[in-house]
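Numbering (my numbering), first residue to last: 405 to 503. Each residue gets a CB set at the ideal place from its N, CA and C atoms; glycine is no exception. Presented below is the structure to which this report refers.
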């Protein structure tokens with residue numbers, strides 16, 4: 405759960421939920437440098453929140469939503485709601501797109 409304390413990492417998780425599909429590292433919108441964003445990806449991966457894999461030379465990111473729901477029921481929805489509140493987006497629309 406400590407991996408989700410940082411607002412940039414919550415933003416990454418929220419973007420994966422909103423998109424509803426795997427995303428390459430270069431497609432995330434974040435207020436930090438590429439090297440700092442790479443650090444955040446590493447923290448999320450090591451915590452088991454995301455899985456990373458390569459498609460050719462592109463590193464892809466996928467949210468481990470099912471595993472998180474099994475281990476921490478309701479946590480992912482709470483994180484999405486917190487991120488939506490921080491950014492002023494519509495949490496109901498985000499949650500509907502992803503189980």
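Asked                                                                                                                                                         : Found
Please classify residue 415: is it buried, with 16 or more other beta-carbons within 10 angstroms of its beta-carbon, or exposed?                             : buried
If contacts are defined as beta-carbon pairs under 8 Å, then residue 407 and residue 451 qualify, I think. What distance do you get, rounded to the angstrom? : 4 Å
Rounded to whole angstroms, what's the CA-CA distance from residue 410 to residue 447? Just pull it up for me.                                                : 10 Å
Answer with buried or exposed for residue 432, where buried requires no fewer than 16 other C-beta atoms within 10 angstroms of its C-beta.                   : buried
Contact check, residue 465 vs residue 429 under 8 Å by CB: the rounded distance?                                                                              : 7 Å
Give me the DSSP bridge partner(s) of residue 463.                                                                                                            : 458
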